[in-house]
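S.K.:
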Amino acid sequence: MNMPDLSRTPDDTAAVNALRSGVMRLSRRLKHQRVDESLSPTEMSVLGTLARCGSATPGELARKEHVQPPSMTRIVALLEAKELVRLEPHPEDRRQKVVRQTERAEAMLEESRRKRNAWLAELAGNLDEDEWATLRAAAPVLEKLAHL
381 MNMPDLSRTP DDTAAVNALR SGVMRLSRRL KHQRVDESLS PTEMSVLGTL ARCGSATPGE
441 LARKEHVQPP SMTRIVALLE AKELVRLEPH PEDRRQKVVR QTERAEAMLE ESRRKRNAWL
501 AELAGNLDED EWATLRAAAP VLEKLAHL
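Residue numbers (my numbering): 381 to 528.
Okay, here's the thing in structure tokens:
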């Protein structure tokens, strides 16, 4: 992927810097709005990936989460011990397993989303109508950036 030349104008550079800073701060604050403090951010991320993408092999999860396969094996074992995922035989390759989230994980993720959404809605309640309109317009763009 080619990187655009964001140094063309000082406004572009300032916008990128403000975006990076704001997203990082907001992300850190959102991470503190957790339902289950016993789960690491990485474990929560794996559960979120399973919720978004469906079941996957540990190798597929490792690639999606940008971790080494042995690390993902440990994460999956921890989640399995907490009854948040289960391993099932792969439908086509008996040598592999498929990781599926459990109903308990689905309920926990839903509660976590509810808590974080409520916190963010309360925070956003401090915005004026023009800022809300800007936020509504920016949300799909931020979502796109998050998945590029």
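C-beta: ideal position from N, C-alpha, C; glycine also.
Just to confirm, are Val-465 and Leu-430 a CB contact at a threshold of 8 angstroms?
M.R.: As a first step, residue 465 is located in the sequence shown; it is residue number 85 there, counting from the start. As a first step, residue 430 is located in the sequence shown; it is residue number 50 there, counting from the start. Yes; because the gap between Cβ atoms is below 8 angstroms, this pair is in contact.
S.K.: Nearest CA to the CA of Ser-435: which residue from Ser-418, Lys-495, Gln-481, Ala-498?
M.R.: One-based indexing of the sequence shown puts residue 435 at position 55. The shortest C-alpha separation from Ser-435 is found at Gln-481.
S.K.: Which of the three DSSP states is assigned to Pro-471 in this structure?
M.R.: Position 91 of the sequence shown, counting from 1, holds the residue named residue 471. Coil.
S.K.: Taking three-plus beta-carbon pairs below 8 angstroms as touching, is the stretch 406 to 423 in contact with the stretch 453 to 471?
M.R.: Segments in contact, yes.
S.K.: Looking at the secondary structure, which residues open and close the alpha helix (DSSP H) in which Val-456 lies?
M.R.: Sequence index remark: in the sequence shown, residue 456 carries index 76 (1-based). 449 to 461 is the span of the alpha helix (DSSP H), which, as asked, contains Val-456.
S.K.: Helix, strand or coil for Val-415? Go by DSSP, reduced to three states.
M.R.: Numbered from 1 along the sequence shown, position 35 holds the residue referred to as residue 415. Coil.
S.K.: Considering only C-alpha positions, which residue in the set Lys-444, Arg-494, Ala-487 is nearest to Glu-379?
M.R.: The first residue shown for the chain is 381 and the last is 528, placing residue 379 beyond what the model contains.
S.K.: Considering just the uninterrupted stretch of the beta strand (DSSP E) at Arg-480, what are its terminal residues?
M.R.: As a first step, residue 480 must be located in the sequence shown, where it is residue number 100. Note, Arg-480: beta strand (DSSP E), 477 to 481.
S.K.: Taking the alpha-carbon of Arg-475 as reference, which of Pro-438, Glu-511, Ser-451 has the nearest alpha-carbon?
M.R.: Taking the sequence shown and counting its residues from 1, the one referred to as residue 475 is at position 95. Comparing Cα positions, the closest option is Pro-438.
S.K.: Just the Cα atoms here: how many angstroms apart are Thr-393 and Glu-483?
M.R.: Position 13 of the sequence shown, counted from the first residue, corresponds to residue 393. Position 103 of the sequence shown, counted from the first residue, corresponds to residue 483. Distance between the alpha carbons of Thr-393 and Glu-483: 45 angstroms.
S.K.: May I have the straight-line CA-CA distance separating Thr-514 from Ala-461, to the nearest angstrom?
M.R.: Your numbering for residue 514 matches position 134 in the sequence shown. Your numbering for residue 461 matches position 81 in the sequence shown. Between Thr-514 and Ala-461, the C-alpha separation is close to 44 angstroms.
S.K.: What are the partner residues of Arg-466, as DSSP defines its beta bridges?
M.R.: To locate residue 466, count along the sequence shown from 1; it is residue 86. In DSSP, Arg-466 forms a bridge with Arg-480.
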